[in-house]
Every structure is written in C-alpha cells, then in structure tokens.
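S.K.: Quick one: structure below, then a few questions.
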Amino acid sequence: MSELDLGHVLREIDDEVRARRASGDFPPGMERDLELVFARFAPATLTGDDLEALVEAADRAAFIQSDPPTASRIPAVSILKRVERKLLGWFFRFLAQQMTTFAGVTVQALRQMAHRIETLEEATPAANPALMSLARQTALVPPLAAAVDAIGPVDGRVLVSHDDVVDRFPNAYATTDDVAEHLLDVDDDALAGLLLAGITDRAPLGTQVSLVERAARVLRRGGRIAIVASSVAAWGAANPVEADLAPGRPLHPETWAHLLVEHGFADVRVAPGDGQSIITATR
Amino acid sequence: MPAVHQLVPSFAPRDAVGNHTLQVQGVLRELGVRSEIYVADARREVASLCHRYDELTTEPDTWLLYQASTGSPMADWLLGRPEPLLVNYHNITPAALFAPWEPHVGVELEAGRRQLKALAAPTRFAIADSTFNEEELLALGYEATAVVPILLDTKTFEKTVDERALARLRHTGTVWLFVGRVAPNKAQHDLIKAFSVYRRVYDPDARLRLVGGSSSHAYWTALVDYVSALELEPYVELCGDVPDGVLAAHYRAADVYVSASDHEGFGVPLLEAMHHRVPVIAYATTAVPETVGYGGVLLPDKDPATMAAAVHRVVSDPALRSSLVAAGERRLADFDLATNRKRFGDLVLGAIGR
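Chains as they are written, first to last, in our numbering: chain A, 1 to 283; chain B, 284 to 637.
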C-alpha cells in the first residue's frame, strides 16, 4: 500500500483550480479559447457533425497527386528519387488519374446525398407545426419533481429546460432557445446544475451527443446533471405520430449513462420510472 | 517437441511489442517449446532474428501466436491457416482518433479491428496485456482470455545519459516531458493547452518537451501551427525521435512527466518515467489507470486548468514529489519481469495442453 493519499492530492488540486477561477487567474472561457485556436488547425471532420464540412474535406482530398516529393537530407538519395520519378512517372500518372476520377465521382455522389438529406431534414416535423402540435398533445409528462430532487441542493446557477421548475432552485433560469445552441454561449464551468427534461427524446443523435459534450464543458466540477429520458416503447406508444416523424428517437438510459461516463461524469445513476427514466450524474 | 511460432505484423527494435516478442520467444524456448518469429515487415536491425511469414512451414503440434497491434494482411492470411491459434493483444488505436487526420491510417486501423473480430472464432486462447485490452477481446467474442502485462525488461530503460544533451536540456524553469509518437490519439495538443495555462499562471519560464517521432504529418503540422499561434515557440519543443542517450537526458532533465493521451493499450513510457524517478501525472483513460496504479497522479479529466494545477501541486511540494517518485518505483516493481514471464509461459503451456 502506498502512504500517499492520492485522493487527498486530487482534492487539493480541485481546491486550487476553484481558488484560481475565483481570483480570475483562470478566466471564464479560457479553455474554450484554447480549443478554438486549435480548431483553426484541426481537420474539419473533428469540429462536429457538420456534413457539409466533411464533404468539403472529401472534395479537397479527392485530387491524387502523382508527383511524389523528392527532397532528402542526403543529396544522392534526392537525385535517385528524381530519377525514379522520371522513370516511373507515366505509371503513377496513369494510376493517379484513375483514382482522382473515382474520388471525384464519389464526392459528387456525396454532394447529392447531402443535398437529399438536407431536403429530408427540411421535411421533418419541426417544419410542420400543426402536426407537431397534434403529436405533443399526447406527450409524456416528464417527472419534473423527481428530476429536481435527483439534482439535489446546488450552490450556483442551474439551467432548466422547463420554466415550471425555475423556482425550485435558488439561482435557476430557463431558456426559450434551443438548449444545445444555448449551451454554446455558456462559459466553461459556469453552471452548478442542468436539468434536461422532455427535450432529448426528439433530438437527432448528433444533438443528443452534443448536449452531453456541452454539459461536460459548462458544468463545474461537482455540478449535477439530470436527464429525463422516455423509454423507446413508451414514447412510441404515447406519441405515434411524433415517433414516426421525429428526426431522432429516445436513447436508452444505458446509452445516456454510457455517454456521461465517456465524457468524464461520475456517480452516474439511472432511476427507472413508468415509461421515463431519470439519469443523473456528477461532473 | 511442440512449437509455438509468433506472427508479428511489424517487428522493430526499441519497440514495446518488438521487445515483448523477443521475451516471449525466450520464455517459450526455456520451456522446451520451439519458437520462431515470422513477420510481415522488419527493420534491418532485427531482420536476422525473424523470417518472412509467407515462408512459414509447420509440422504437427505447431501453434501460431499472433501479436495483434494493427491491421495487417497477415491476419487475413492467418484465417486460412490450419494450425491452432493463440492471440496476444496489445490494442489497436480506434480509427476515429486517427481518421480525421490521416484517413489512410484510419482505414488500416479499422481493418485491424475487423480482423481482430474475425480471429475470435479460430482463437483457442488470447492473452491481453491489460484488463482494458482484455475487455475489448471479450466484447469481440473471444471466450478464453487472460491478462499478463507486457513483458518489460526495465534494464532496457537503463541508458547511458548523453551528458552534452543533458547540459543543453537542463533548465531552471519547470520542465514538462511527454514521450510518445506524435499522433492524434496521444493528444499532445491537450498538453500544449495545459502548458499554456501553466506558463501564464505559475511559471513563465517553463518548458514542455514532446519527445517522439511523427505518426501523422498533418497532426505534427497542426501542433507546430498551434504552438506558433499561442506564441509558445521558445517554450514548447517538438524534439522528434531521439537516440537512447538523449532520451535518458530528457528524463533526467524533466521535473514532471505529463500525459494527456486519449488512448493507451498499456503505456510503457509511463513506467519508464517512474524508472527515471520522474513523477507522473496522467489523464486516467483506457489502460492508463491500471498501468500507473498508485504510482502517479491520475486525473479524471484533462481540463487544462486541472492539469496545470496538478503540475504546480507536484513540482512545488518537494515532499509530495519525493512520495510520488517512491510510489513510482514501487509501482514499477509490480511489473516484475520474472513473474510475468512465468505467468505468460504457464498460460501458453496450459493453452497448448502441456
């Protein structure tokens, strides 16, 4: 056994971070600024689920270069490479032309698919308020009180997706914006709690994952998250129209739990309910 | 006399899997088992120790032991072989970490995962070098598995320090060190973020040294640009591959070893840092926690502020630093070569029915 109390060391590190944040040494948004600078140099495919950016990246990579570089630290090797390039140039050009043709056609096909997906997305229920209204008349009522209890007392700002429960926390607010979009504007470690109820079931998978990613960023250490998630069967039974037309579908509680663990949350718990589960975790 | 021949996609000296393969061969031969090494690709320095895999000829009572660490045509070839198969798994980096930077590497890694899954059915027994790796094998359908850490001879960490290099590397400010290929899964960019915070708040004279060759030109270039954009050029050093003596000098000159790696199947440099009495701070992910154990500070996330504060906590407290160094040395002793060689040998003998 080690005499070293590493748990104690970690708590001291946490205390140090908290004190530096309070003093302004670690200013709000510092991590995000660093991330944004790196994003300038990272491939577009790393910066989210942006299909258009991916197609652009594929387009840029579609041209196959047939002239290999010939530089070398050893001059003789460089000469050798140039000779080889001259001798084999016809062969590589022949291959490169065929590969470029294939890549070009593939990118064209991707563009068409992206266009068709965009058209389909525009035809989803979100663009049809009357149908959505009909569907939501039969929506499951989220167990908000239980979700509030699951978050427990928190000292700090809490963002809730339902304004009905704003007064259940001393320092809570609700947003009328799309929550995933709203979280983009929230500073790192700015929140002590986050309650997501009734907004995750219909969201596309990319948005559901983004919600967890963004929650991990905006919740401070020790902050609590509660997600009310419908079971797939109960949601489909209660909202058949919406279930068929929604861009996404509810995730199983185990999937939420997995996503939360993947994003560094601890103490992840699932409280199963009648058709809806509450998944809680601590940042 | 039975034979257990090893199949290795890429055989290189000074490489964790390469050294492990040689140790396994030694173990098997000591146990009276004939054992040769067959490779798809070998560096010149070790070419005399192995054979091309398409030259393999076998007799009755021959087993094949595949060292799985990447995608390789060798794995597809193995699927068609009649000999009973053993697998020793060192992990394959998830393609998603590499593909955005180097799509062709992503394809190879994806193929490696597919091959690993396909090998589950014919494999009689598989040995993983960490519990993390074993869990991946089980998820892919492997039924008989065990864990034996990579066979690590810590004598290979003993390198004569290049004194000229050491004189150049000695520095009054805090020196952070990370050793590993410059690759997206090693997340050197996250170290740069944390280091940037550390310089700003704790030690403007600090240095971050990233030792290791490039596995991705695109990622290397992005790191260079990132360092430049943050105006950290004099403070962050991308050292590339270095000779043994210079590597030893890097460890000697370091105040702390910091890892933000997103994916490790084992993590030999973590132990090498412990051997060189450098305190270890690491992001606790994949196999890192079971390698570091109680021998270093394991961070639950790699928030730059947390990493910077962790380094400050360790380097500013001599008592804590000493405790960590001592803990690292004790942890290293847990990977005792003789113990692990015996366990590996016993498991292989059990698997082949001896």
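Quick reminder that beta carbons are idealized off the backbone N, C-alpha and C, glycines included.
Is the CB of glycine 264 of chain A under 9 Å away from at least one CB in chain B?
M.R.: Yes, its Cβ sits closer than 9 Å to a Cβ of chain B.
S.K.: First and last residue of the alpha helix (DSSP H) that includes histidine 559 of chain B?
M.R.: It is not in any alpha helix (DSSP H) - histidine 559 of chain B carries neither H nor E in the DSSP assignment.
S.K.: Which residues mark the beginning and the end of the alpha helix (DSSP H) in which proline 292 of chain B is found?
M.R.: Where proline 292 of chain B is concerned, there is no enclosing alpha helix (DSSP H), although the beta strand (DSSP E) it sits in stretches over 286-294.
S.K.: Within the continuous beta strand (DSSP E) that includes aspartate 324 of chain B, where are the two ends?
M.R.: Per DSSP, aspartate 324 of chain B belongs to the beta strand (DSSP E) from 320-325.
S.K.: Could you name the residues of the stretch 376-389 of chain B whose beta carbon sits closer than 8 Å to any beta carbon of chain A, in the order they occur along the chain?
M.R.: Listed by position along the chain: Ala382, Pro383, Trp384 and Pro386.
S.K.: From glutamine 137 of chain A to glutamate 35 of chain A, what does the alpha carbon distance come to, in whole angstroms?
M.R.: The predicted model places glutamine 137 of chain A with a pLDDT of 45, which falls under 50 and marks its position as unreliable, so this point remains unresolved.
S.K.: Express the C-alpha separation of asparagine 371 of chain B and leucine 314 of chain B in angstroms, rounding to a whole number.
M.R.: About 18 Å.
S.K.: How is arginine 490 of chain B classed by DSSP in three states: helix, strand or coil?
M.R.: Here arginine 490 of chain B sits in strand by DSSP.
S.K.: Report yes or no: is there a C-beta of chain B within less than 9 Å of the C-beta of glutamate 213 of chain A?
M.R.: No, glutamate 213 of chain A lies away from the interface with chain B (no Cβ there is under 9 Å from its Cβ).
S.K.: Please report the distance separating the alpha-carbon of glutamate 272 of chain B from that of leucine 399 of chain B.
M.R.: Nothing can be reported for residue 272 of chain B: it is not among the residues displayed for chain B, which extend from 284 to 637.
S.K.: Which residues of chain A have a Cβ atom closer than 9 Å to the Cβ of serine 599 of chain B, listed in chain order?
M.R.: The contacting residues do not exist; serine 599 of chain B stays about 10 Å from chain A at best.
S.K.: Give me the Cβ distance between valine 166 of chain A and leucine 144 of chain A, rounded to the nearest whole Å; I'm assuming they're in contact under 8 Å.
M.R.: Incorrect: roughly 11 Å between the Cβ atoms, too far for contact.
S.K.: If you draw a straight line from the C-alpha of alanine 76 of chain A to the C-alpha of serine 66 of chain A, how long is it?
M.R.: So the two alpha carbons sit approximately 22 Å from each other.
S.K.: Whose C-beta lies closer than 8 Å to the C-beta of alanine 501 of chain B among residues of the same chain, with five residues either side of it excluded?
M.R.: For alanine 501 of chain B, where only same-chain residues beyond five positions count, the Cβ hits under 8 Å are Trp384 and Glu385.
S.K.: Among B:Pro365, B:Gly301 and B:Val390, which residue has its Cα nearest to the Cα of alanine 351 of chain B?
M.R.: That would be B:Gly301, whose Cα lies nearest to the Cα of alanine 351 of chain B.
S.K.: Rounded to a whole number of angstroms, what is the C-alpha to C-alpha distance between methionine 99 of chain A and arginine 85 of chain A?
M.R.: If I take the Cα positions, the gap works out to 18 Å.
S.K.: Taking DSSP's pairing of strands, which residues face glutamine 398 of chain B in a bridge?
M.R.: Partner(s): none; glutamine 398 of chain B has no beta bridge.
S.K.: Can you tell me whether alanine 197 of chain A is buried or exposed, with buried defined as 16 or more other CB within 10 angstroms of its CB?
M.R.: Under this definition alanine 197 of chain A is a buried residue.
S.K.: Compare the Cα-Cα distances from proline 247 of chain A to each of A:Ala58, A:Asp201 and A:Asp25 and report the closest residue.
M.R.: Minimum Cα distance to proline 247 of chain A is reached at A:Asp201.
S.K.: Does DSSP classify serine 542 of chain B as helix, strand or coil?
M.R.: Three-state result, serine 542 of chain B: strand.
S.K.: Between the alpha carbons of threonine 504 of chain B and glycine 495 of chain B, how many angstroms are there, rounded?
M.R.: Straight-line Cα distance between these residues: approximately 14 Å.
S.K.: Would alanine 461 of chain B pass as a contact of alanine 543 of chain B if the rule is Cβ separation under 9 Å?
M.R.: Residue 461 of chain B is actually phenylalanine in this sequence, not alanine. Yes, these two residues count as a Cβ contact at 9 Å.
S.K.: With a cut-off of 9 Å, does the C-beta of aspartate 99 of chain A fall near any C-beta of chain B?
M.R.: It is worth fixing the name first, because residue 99 of chain A is methionine in this sequence and not aspartate. Taking Cβ atoms only, chain B never reaches closer than 9 Å to methionine 99 of chain A, which makes this a no.
S.K.: Indicate whether at least one CB of chain B lies closer than 9 Å to the CB of asparagine 128 of chain A.
M.R.: In this prediction, asparagine 128 of chain A scores a pLDDT of 47, lower than 50, which makes its location untrustworthy; no coordinate-derived value is stated.
S.K.: In this structure, does DSSP put arginine 637 of chain B in helix, strand or coil?
M.R.: Coil at arginine 637 of chain B, not helix or strand.
S.K.: Shorter than 9 Å from the beta carbon of alanine 593 of chain B to some beta carbon of chain C?
M.R.: Structure shown: chain C not included; protein chains present are A and B.
S.K.: Does leucine 10 of chain A come within less than 9 Å of chain B when only Cβ atoms are used?
M.R.: Yes - at least one Cβ of chain B is within 9 Å of the one on leucine 10 of chain A.
S.K.: For the stretch 565-578 of chain B against the stretch 441-459 of chain B, do three or more pairs of beta-carbon atoms, one drawn from each stretch, fall closer than 8 Å, so that the two count as touching?
M.R.: The stretch 565-578 of chain B vs the stretch 441-459 of chain B: no contact.
S.K.: When you compare only the Cα positions, how much space is there between glycine 463 of chain B and glycine 389 of chain B?
M.R.: Computed Cα separation, rounded: 19 Å.
S.K.: Looking at chain A, is there any beta carbon in it that lies within less than 9 Å of the beta carbon of threonine 589 of chain B?
M.R.: Yes, threonine 589 of chain B counts as interfacial toward chain A.
S.K.: At which residues does the beta strand (DSSP E) containing tryptophan 267 of chain A begin and terminate?
M.R.: Looking at the sequence shown, residue 267 of chain A is not tryptophan but aspartate. Run containing aspartate 267 of chain A: 266-271, per the beta strand (DSSP E) assignment.
S.K.: Can tyrosine 349 of chain B and leucine 402 of chain B be called in contact, C-beta distance under 9 Å?
M.R.: Contact flag set, yes.
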